[in-house]
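Single-structure report; data block below.
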Amino acid sequence: MDARLLNGVGIIAQRRLQASAKNRQGPHFILSAVRRTMVFVMLRIGSILLALLTLSGCSDLGFYAQGVVGQCRLLLARRDIPGLLAREDLAPEVRRKLETVQEMRRFAVEELKLPDDNCYSSYVELDRPYVVWNLVAAPEFSLQPKTWCYPLVGCVPYRGWFSRERAEAQADRLRREGYDVLVYGVDAYSSIGWFDDPVLSTFLRRDDTGLAALLFHEWAHRVVYLAGDAAFSESFARAVEIEGVNRWLKQYGDEGSRARWLRQQQFRKGLDRIAGEVRTELEQLYARGLASGIVAVRKKALLDRFSSQALSLADRFGVRPAAWLRPDRINNAALVLFGTYQDQVPAFTALLRSLDGDLASFYRQVNAIARQPEPERRATMSHWARIAEKSAGLADMAPTSRTEADRPAS
């Protein structure tokens, strides 16, 4: 049975409960806000769970069960941000960050034209350092990632667990099968519009610029998410993130925060270049049909060189490098992950520039591209990638609207 149909049944049931609660009078007939929330959440998740159980095999049931339980716990733990801000015992830094989130929500809707819904209007305090741990895997001598396929979102090159131990256990199994693997914690993920995603305590560890980047990126998934094409979806969200932070810093940033952001983008641009170079060299190496021992030695030399270049680049721009760039962690899986989030960003940026930074038009164009058949979509993205190459330079990371301020000196 189609998951969207099942989810629609859940939505209809929710609306009937809401109408019933409005029409009936008296305390015996009106559900409390908490009970209504629990009923609506369970109906929505229950319909999705039924779809998952219908469409998946037995080997996936444990994974889906932990996912549903984890999502339920998040949604039922949500607390309304205005209500929290009314409390006198709220920690000062948490108060400041939540007030900043409210400003960012207003900015996202008014300036970035992101959907005006209830996402990020509630807060959840987690008892762990990350909300989920993602697993990425690729064969020892290939840059083609292992993919996992799910109802609703299609096939993606990662698998997320609410438990680090479970993620590491699957990583160990894949290592024994000969895969390069990477397990990493993430601060946030998007339900791509299925639920009103909350602000998590993991968000608040970031500085204000990092918080804005995270919110704008995850919110962008509610505008466009192409099932089965993670690189398209993540690169689009990354492009919105960059543009959004540029505009946010123009209005609210100080000279120091703008300079730090520029250095981060300069580093990211340089990292993209050297990552592209090493991936090309590795692909050529893997295609030559050499003995596995020779390939392993040359692979290690290429990855060690890349790691050294990346760490030197981070030092040059004064940024903290990601853990996966260390020599003991860099592998095919890490390069796959980086490419998923970065490869198509220049193409999306070029499209946005062609529209003079008009984000509403940009979203319409990207949605139209997402609806194209895959061969046509790839041709369209290649077209914009070629345009981006012609205008390559630091200006690629600059604000795209005519009213943007000049970039600060680094």
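Read left to right, the sequence shown gives residues 5 to 414 (our numbering).
Glycine included, every Cβ here is placed at the ideal spot set by N, Cα and C.
*Please report how far the alpha carbon of L449 lies from the alpha carbon of L94, in whole angstroms.*
The chain is shown only over 5 to 414; residue 449 falls outside these bounds and no answer can be derived.
*asked:* Please report the straight-line C-alpha distance between A326 and D201, rounded to a whole angstrom.
replied: Reading the sequence shown from its first residue, position 322 is the one you call residue 326. Reading the sequence shown from its first residue, position 197 is the one you call residue 201. Between the C-alpha atoms of A326 and D201 there is a straight-line separation of about 26 Å.
*Straight-line Cα distance separating L355 from A389*: Numbered from its first residue, the sequence shown carries residue 389 at position 385. Numbered from its first residue, the sequence shown carries residue 355 at position 351. Rounded to whole angstroms, A389 to L355 spans 9 Å at the Cα level.
*Just how far apart, CA to CA, sit M385 and P161?*
In the sequence shown, residue 385 corresponds to position 381, counting from 1. In the sequence shown, residue 161 corresponds to position 157, counting from 1. Cα to Cα, M385 sits roughly 20 Å from P161.
*Find the nearest neighbour of I373 within the set F352, A392, S316, judged by alpha-carbon distance.*
By one-based count along the sequence shown, residue 373 stands at place 369. Comparing Cα positions, the closest option is F352.
*asked:* Extract the residue ranges of the alpha helix (DSSP H) inside the region 343 to 391, only unbroken runs of 4 or more that lie entirely within it.
replied: 349 to 358, 363 to 374, all fully within the region 343 to 391.
_According to DSSP, simplified to helix, strand and coil, what is C123?_
The residue you call residue 123 lines up with position 119 of the sequence shown. C123: coil per DSSP, three-state reduction.
*Express the C-alpha separation of I298 and R82 in angstroms, rounding to a whole number.*
As a working mapping, residue 82 is identified with position 78 in the sequence shown. As a working mapping, residue 298 is identified with position 294 in the sequence shown. Their Cα atoms are separated by approximately 54 Å.
*asked:* For the structure I just gave you, are there three or more beta carbon pairs, one from the region 131 to 138 and one from the region 331 to 338, closer than 8 Å?
replied: Judged by Cβ distances under 8 Å, the region 131 to 138 makes no contact with the region 331 to 338, as fewer than three pairs qualify.
*asked:* Buried or exposed for T284, going by 16 or more other Cβ atoms inside 10 Å?
replied: What you label residue 284 is simply residue 280 of the sequence shown in a count that begins at 1. Flag for T284 reads exposed.
*Beta-carbon spacing of A142, D184 below 8 Å*: Counting from one through the sequence shown, the residue named residue 142 turns up at place 138. Counting from one through the sequence shown, the residue named residue 184 turns up at place 180. Result yes, Cβ atoms of A142 and D184 sit closer than 8 Å.
*Does the region 109 to 116 come close enough to the region 243 to 255 to have 3 or more Cβ pairs within less than 8 Å?*
Yes: at least three Cβ pairs fall under 8 Å.
*Between D276 and Q346, which are expected to be in contact by the criterion C-beta below 8 Å, what is the C-beta distance as a whole number of angstroms?*
The residue you call residue 276 lines up with position 272 of the sequence shown. The residue you call residue 346 lines up with position 342 of the sequence shown. So it is a contact: roughly 5 Å between Cβ atoms.
*asked:* Is the separation between the beta-carbon of L329 and that of S311 shorter than 8 Å?
replied: Numbered from 1 along the sequence shown, position 325 holds the residue referred to as residue 329. Numbered from 1 along the sequence shown, position 307 holds the residue referred to as residue 311. Taking 8 Å as the cut-off, the Cβ atoms of L329 and S311 count as close.
*CB of S239 within 8 Å of CB of L230, strictly*: Within the sequence shown, the letter at position 235 stands for residue 239. Within the sequence shown, the letter at position 226 stands for residue 230. Taking a C-beta distance under 8 Å as the contact criterion, S239 and L230 do not qualify as a contact pair.
*Ignoring anything shorter than 4 residues or poking outside the region 270 to 348, list the alpha helix (DSSP H) runs there in chain order.*
Fully enclosed alpha helix (DSSP H) runs of 4 or longer: 296 to 321, 336 to 346.
*Can L118 and V227 be called in contact, C-beta distance under 8 Å?*
Numbered from 1 along the sequence shown, position 114 holds the residue referred to as residue 118. Numbered from 1 along the sequence shown, position 223 holds the residue referred to as residue 227. In contact: L118 and V227 (Cβ atoms closer than 8 Å).
*Boundaries of the alpha helix (DSSP H) in which V227 is found, first to last residue*: As a working mapping, residue 227 is identified with position 223 in the sequence shown. Under the DSSP assignment, V227 falls outside any alpha helix (DSSP H); it carries neither an H nor an E label.
*Give the DSSP bridge partners of R163, in chain order.*
Walking along the sequence shown from the start, residue 163 turns up at place 159. According to DSSP, R163 bridges with L139.
*For D201, which of helix, strand or coil comes out of DSSP?*
What you label residue 201 is simply residue 197 of the sequence shown in a count that begins at 1. Shown here, D201 sits in coil according to DSSP, grouped into three states, outside any helix or strand.
*What does a CB cutoff of less than 7 Å around E172 pick up in its chain, not counting 5 residues either side in sequence?*
Walking along the sequence shown from the start, residue 172 turns up at place 168. Cβ neighbours of E172 beyond the five flanking positions: V187.
_Closest to S194 by C-alpha separation, out of G158, H225, R77, would be which residue?_
Locating residue 194 in the sequence shown gives position 190, counting from the first residue. Closest option to S194, Cα to Cα, is H225.
*Rounded to the nearest angstrom, how far is the Cβ of P149 from that of V157, given a contact under 8 Å?*
On the sequence shown, residue 149 is found 145 positions in, with the first residue counted as 1. On the sequence shown, residue 157 is found 153 positions in, with the first residue counted as 1. So it is not a contact: roughly 15 Å between Cβ atoms.
*For F321 versus Q369, is the C-beta distance shorter than 8 Å?*
Counting from 1 along the sequence shown, the entry for residue 321 is found at position 317. Counting from 1 along the sequence shown, the entry for residue 369 is found at position 365. Q369 is positioned such that its CB atom lies no closer than 8 Å to that of F321.
*Among the residues of its own chain, which have a CB less than 7 Å from the CB of R179, if the five just before and after it don't count?*
On the sequence shown, residue 179 is found 175 positions in, with the first residue counted as 1. Cβ neighbours of R179 within its own chain (closer than 7 Å, five residues either side excluded): V185.
*asked:* Just to confirm my understanding: we take V323, look at its own chain, exclude 5 residues before and 5 after, and list those with CB closer than 7 Å. What are they?
replied: Residue mapping note: residue 323 aligns to position 319 of the sequence shown, counting from 1. Excluding residues within five positions, the ones whose Cβ falls inside 7 Å are R267, Q268, F271.
*For D84, the residue or residues it bridges with in DSSP*: Position 80 of the sequence shown, counted from the first residue, corresponds to residue 84. S126, per the DSSP bridge assignment.
*Near R406, what residues of its chain come up, given a Cβ to Cβ distance below 8 Å and the 5 sequence neighbours on each side ignored?*
Here residue 406 is taken as the residue at index 402 of the sequence shown, counted from 1. Interpretation of R406 is limited by its pLDDT of 36, a score under 50 that renders its predicted location unreliable; the figure taken from the coordinates is listed afterwards. Taken in chain order, the residues that qualify are D360, G361.
_Bridge-paired residues (DSSP) for D184_ = Start at 1 with the first residue of the sequence shown, and residue 184 comes out as number 180. D184 is bridged to A142.
*With a Cβ-Cβ cutoff of 8 Å, do Y124 and L208 count as a contact?*
Position 120 of the sequence shown, counting from 1, holds the residue named residue 124. Position 204 of the sequence shown, counting from 1, holds the residue named residue 208. Cβ distance not < 8 Å, so Y124 and L208 don't count as in contact.
*Give the DSSP bridge partners of V190, in chain order.*
Here residue 190 corresponds to residue number 186 of the sequence shown, with the count starting at 1. Note: V190 sits in a beta bridge opposite V136.
_Taking the alpha-carbon of A305 as reference, which of S146, L286, E247 has the nearest alpha-carbon?_
Within the sequence shown, residue 305 is the residue found at index 301, counting from 1. Each of S146, L286, E247 was checked against the Cα of A305, and the nearest Cα belongs to L286.
*Using a threshold of 8 Å, state whether the C-beta atoms of I334 and L307 are closer than that.*
By one-based count along the sequence shown, residue 334 stands at place 330. By one-based count along the sequence shown, residue 307 stands at place 303. Against a cut-off of 8 Å, the Cβ pair of L307 and I334 comes out as a contact.
*Check whether R177 and N138 have beta carbons under 8 Å apart*: Position 173 of the sequence shown, counted from the first residue, corresponds to residue 177. Position 134 of the sequence shown, counted from the first residue, corresponds to residue 138. Taking 8 Å as the cut-off, the Cβ atoms of R177 and N138 do not count as close.
*Please classify G158: does DSSP put it in a helix, a strand, or coil?*
As a first step, residue 158 is located in the sequence shown; it is residue number 154 there, counting from the start. G158 falls in the strand class under three-state DSSP.
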